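Before any comments, here is the structure.
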Amino acid sequence: MDFSQLVALFSSDPQATVRTGLRFVHFIGLASGLGGAILLDLMMLRFFVRGRIIKETSDIFEFASKIVSAGLFVLWITGVGFLFLYALTNPELLMNPKVHAKLMIVTILTVNGFFIHTIILPGVKRPIGKSLFTDISPLKRTVFMTSGAISAVSWFLPVALGAFPQLNNNVPVMVILTAYLLLIATAAVLMHGVVYMLHKSESEPAPVFRLRNPVRNPV
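Taking the numbering used here, the leading residue of the sequence shown gets 30, the next gets one more, and so forth.
If you want it as structure tokens, here you go:
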């Protein structure tokens, strides 16, 4: 197949080509955002709870957050593109409850991302040389953990919704959003459990081993 045949293949159905291009870029945004969000959560649990924050890890945290922001931007651009394409070609697709649920989830994701950039990231840069949760109240720690859970689940669920076309027009919005909230609650509880176990293991003193029948020095 030469180049002219390839161009003819894509130009034969412009609508399908535009939809495929949007879907491809949309998946790139989802993959970038989901990967960055998982990386941030793992770094929070591994490096910033047990380890000490150094400038290098703080820079990695900021870089990963920029990738997540870029993925979110791509997600919005392609999502709006899909809405325009549906409105022009297949308006009935706009009635799909899955589309409404994704819009609400991405909106929550955007608000949570703004919170992370304005509240959490400055808090990460502040305690250089200490643990992330040093001198942080339990309430603020809970807010940090819940924000991380919202980020991870809000990136994971749109990927899942896009991967299962069986959900199209078959599952009400409230069912999807209820499952979404339950996943956030479960993820938050798991993250709190991991943090608690890590702090508990750090606070426990090292065991002291003694001989049961020590041998006395001969006189």
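From the three backbone atoms N, C-alpha and C, an ideal C-beta is built for every residue, glycine too. Computed from a predicted structure; not experimentally measured.
Non-local beta-carbon contacts of Leu59 in its own chain, meaning distances under 8 Å to residues more than five positions away in sequence, involve Gly100, Leu104, Trp184, Pro187, Val188 and Gly191 in chain order. At the C-beta level, Ile179 and Ile149 stay beyond 8 Å of one another.
Between Gly65 and Val109, the C-beta spacing is not below 8 Å. In chain order, Gly177 and Ala181 place their CB closer than 6 Å to the CB of Asp70, counting only its own chain and leaving out the 5 sequence neighbours on each side.
Ser41 carries a coil assignment under DSSP once its states are collapsed to helix, strand and coil. Note that the C-beta distance between Met133 and Leu206 is below 8 Å. Cβ-Cβ distances below 7 Å link Leu68 to Ala93 in the same chain, with the five nearest sequence neighbours on each side left out; the list follows chain order. Closest in alpha carbon position to Asn199, among Asn119, Gly50 and Ala130, is Ala130. Per DSSP, Ser166 lies in no alpha helix (DSSP H) and is assigned neither H nor E. With a beta-carbon spacing of about 6 Å, Arg48 and Leu114 fall inside the 8 Å limit used to define contacts. Rounded to whole angstroms, the separation of the alpha carbons of Asp42 and Asn141 is 39 Å. When the five nearest sequence neighbours on each side are left out, the beta carbons in the same chain lying within less than 8 Å of the beta carbon of Met124 are those of Asn198, in order along the chain. His146 is not a Cβ neighbour of Thr107, given a cutoff of 8 Å.
With contacts defined as CB atoms closer than 8 Å, Lys127 and Leu219 fail to qualify as a contacting pair. In terms of CA proximity to Thr175, Met73 leads the group Met73, Phe193 and Leu51.
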